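Structure follows, in structure tokens:
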């Protein structure tokens, strides 16, 4: 390997030499804070060399890293760091300071880009300003580290993330899980940061929105082939000021490869020695780089067999023949292409298509004989997403025009068989569509002592369409639409920088963002966010952020049918009434709902000690107060008239006119009594429609640590991610405060994951330990402790060197997940269709072994 060393020696006020050598030369001049830059569009290496000449500082870079890469024109007055931010954007390269010198290196897990500054407008998740520092902690998972851990599906990645809760929309979530906590409709997988709900975590693709999945308004992360993904960036902090609705728990940004050069094929098979969940996955990735552009296209096919409770002895003897993981089959295609049309104008296009089918069954009697009585459910879903952008460079400013179109459909069906004969079918379809358009710009405003003050501004429109369809004339059918317009602004102010040499203030920067959104017929929302980054020395960064976030009401919450159900008064908890007395329960959607709102703040400290190069430790505290949550104010209808905390939602002794209005507003009136409806006998109207009444508080600590170093003939990498979560909920002002974290079907207090890996040119090995804490089962008076799980995963890969015939470019891998076969603890169940464990937190798969073959052509 050869190294290109770029240095400027100022002698007698002029440039004396530019050194290209294997070692770093001595810099004789003091570095300047700002330099005048006027660089043409040219090879990236030439731009870096010219920049080093102008700055008087040493810039070290391996020549192989910049070979074939081009940089756009750069003009203006910048610090060396600001100029490098622009030159290296989307090249797959980054830089770090080594004393007064700068070393350029490859980003962990990143693919080399075909040109700098030509890619997506969002460089860093959590900011709309290219190259701006982010005041919230950012977690990055690159493609290689995911592969090294033995994972091959983004759904598995989401469920393994300590900050994410397995409830929400995920395959395998059982029927005994409360509907507010999780479910499985179309087999998709969603990220659920902090357990606030899949719909309160915003998942974006290259910073752009994709269509919702089924009815819960989460985004199916597993629809994207892993081969298409360069890295995943997670900001587990309120981010509505940057991204808008849904980013209450945070934002997950799936960043696609920039492009790819060549062809890669993969085949992976795996299964559990105890039976079930046999997996097959086959993919091909093809791409090309060319002058000024590049692109890739990947196709992935995957299937798995079902996993049944009777294939796990501890579950099968309690609840046999229940499907705990559905059999599924999927086809997925993803691609991206970009092209520089001129030195200042570039265009790009991303595309995604995913199709998935699945089936699962459960018995209808305690005998658990599927050949006699059963219900078989199936789903058929697809997702299509297209995004395009045009970017115009106006000196140091960039103007972008982006648009997206996304569409998703989930068809579900349940067939009932009695005595092995078909008796009935229930089916339905959820359709989602999203269309967005946006214009935005970002660039420097004016010079500050620490660098350029920068601004990003923009405006856009988003239209969401939704459909529930369950057959011609079905009362639950609905086809609402929702559109919103928005405008945003974000500014970054580097007040103090290293060049000022101020004791105890190596760096100080402030940032602020504000976003305005208007949802037609719902509300207008303004969400601000402020951030601070303070570095008293090179080895420590202190960050703090505060902001507001919101989530617009979902279509299901707004437009579920409203029912008026007439019950005997005792059914709703009434006592002491005359015989024949009734009560009217009104439940369902509410078109008068307003957005849910949250206030979040976080503080973190990051250490990267100079005595231990390659080491980093970051500790963060987070706190979110989530109010106006949309809830059913009377979750237990049988206690409505007996529990005083429900009094605010009950109208006693209603008049005939009030009863008539309640029934008229409802989509359906059902008389569930044995007699005729008589308004004079109705003692109360119980209003259990969705309302903005819930409150939730979450707080906790995240800890991230990493270490990279040469070890023997290869590289050693250590990564640890641990989180502690405390959360509580109050349904309404009159309701008691209940604990969520640490309770059954809710996130545990503790989750952690740590990986140690080593690799050289031929071999790589990795060991991962994941710990999911226990929870309490408080469904009865005697609280029962449910133990957590600790899993150990091992993986190893071998790559044949080039020049060995047909084995050249071939790689084989072996992975064993949950080596010690740690299975979830059993929980009590009341119905035979219920999975006998906490299916939101723990996996029933057990030990899983996979083999993988990779060939690069």
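Numbering (mature numbering (1 follows the signal peptide of the UniProt record, and there is no 0)), first residue to last: -21 to -1, 1 to 836.
Glycine is no exception: its CB is placed at the ideal position from the N, C-alpha and C atoms.
Please read these numbers as outputs of a predicted model, since none were measured by experiment.
Does the Cβ-Cβ distance between residue i and residue j come in under 7 Å?
i: residue 819; j: residue 271; result: no
i: residue 404; j: residue 361; result: no
i: residue 684; j: residue 670; result: no
i: residue 273; j: residue 260; result: no
i: residue 824; j: residue 775; result: no
i: residue 542; j: residue 645; result: yes
i: residue 31; j: residue 40; result: no
i: residue 34; j: residue 50; result: no
i: residue 279; j: residue 342; result: no
i: residue 472; j: residue 432; result: yes
i: residue 23; j: residue 59; result: no
i: residue 796; j: residue 772; result: yes
So, for residue i: in the same chain, excluding its five sequence neighbours on each side, which residues have a beta-carbon less than 7 Å away from its beta-carbon?
i: residue 176; result: 147
i: residue 325; result: 97, 317, 318, 319, 370
i: residue 475; result: 428, 429, 481, 484, 486, 487
i: residue 728; result: 703, 704, 705, 720, 721, 752
i: residue 534; result: 445, 459
i: residue 289; result: 295, 299, 300
i: residue 768; result: 751, 801, 803, 821
i: residue 305; result: 150, 166, 285, 337, 338, 339
i: residue 62; result: 16, 30, 53
i: residue 530; result: 178, 179, 224, 225, 227, 574, 575
Excluding the 5 residues flanking residue i on each side, which residues of the same chain have their C-beta closer than 6 Å to its C-beta?
i: residue 688; result: 593, 695
i: residue 258; result: 249, 283
i: residue 434; result: 424, 470
i: residue 183; result: 232
i: residue 804; result: 765, 766
i: residue 382; result: 367, 416
i: residue 604; result: 578, 676
i: residue 414; result: 384, 442
i: residue 794; result: 129, 774, 829
i: residue 519; result: 586
i: residue 580; result: 525, 602
i: residue 412; result: 386, 444
i: residue 544; result: 564, 649, 651
What would DSSP say about residue i, mapped onto helix, strand or coil?
i: residue 133; result: helix
i: residue 756; result: strand
i: residue 538; result: helix
i: residue 618; result: helix
i: residue 299; result: coil
i: residue 695; result: strand
i: residue 380; result: strand
i: residue 100; result: The predicted model places residue 100 with a pLDDT of 37, which falls under 50 and marks its position as unreliable; any figure quoted below should be read in that light. The answer is coil: DSSP assigns residue 100 none of H, G, I, E or B.
i: residue 793; result: strand
i: residue 594; result: strand
Have a look at the DSSP bridge pairing and note the partners of residue i.
i: residue 681; result: 599, 702
i: residue 732; result: 700, 749
i: residue 423; result: 433
i: residue 519; result: 516, 586
i: residue 503; result: 497
i: residue 328; result: 316, 367
i: residue 283; result: 258, 307
i: residue 766; result: BP columns for residue 766 are empty, so no partner.
i: residue 687; result: 696
i: residue 22; result: 49
i: residue 338; result: 306, 357
i: residue 82; result: 39, 75
Short of 8 Å in beta carbon distance, which residues of its chain neighbour residue i, apart from the five on each side in sequence? Order them along the chain.
i: residue 725; result: 144, 146, 160, 174, 706, 719, 754, 819
i: residue 572; result: 501, 532, 536, 537, 609, 669, 670, 671
i: residue 787; result: 779, 780, 781
i: residue 376; result: 420, 421, 422, 423
i: residue 107; result: 100, 101, 221, 419, 421, 435, 437, 467, 469, 492
Inset, instruction - Taking only runs that begin and end inside the segment 544 to 591, name each unbroken beta strand (DSSP E) of 3 or more residues, in chain order. - result: Complete beta strand (DSSP E) runs here, min 3: 561 to 567, 575 to 586.
Legend entry - Secondary structure, beta strand (DSSP E): runs of 3+ residues fully inside the segment 32 to 60: Listed in chain order, they are 38 to 41, 53 to 57.
Legend entry - In chain order, each beta strand (DSSP E) run of at least 3 residues that lies wholly inside the segment 430 to 487: List check, beta strand (DSSP E) in window: 430 to 448, 460 to 475.
Inset, instruction - At 3 residues or longer, and completely inside the segment 201 to 236: list those beta strand (DSSP E) runs for me, N to C. - result: Scanning the segment 201 to 236 for uninterrupted beta strand (DSSP E) segments of 3 residues or longer gives 208 to 214, 229 to 235, listed from N- to C-terminal end.
Inset, instruction - Tell me the start and end of each unbroken alpha helix (DSSP H) in the segment 769 to 823 that is at least 4 residues and wholly inside, in chain order. - result: Annotation note: the segment 769 to 823 contains no uninterrupted alpha helix (DSSP H) run of length 4 or greater.
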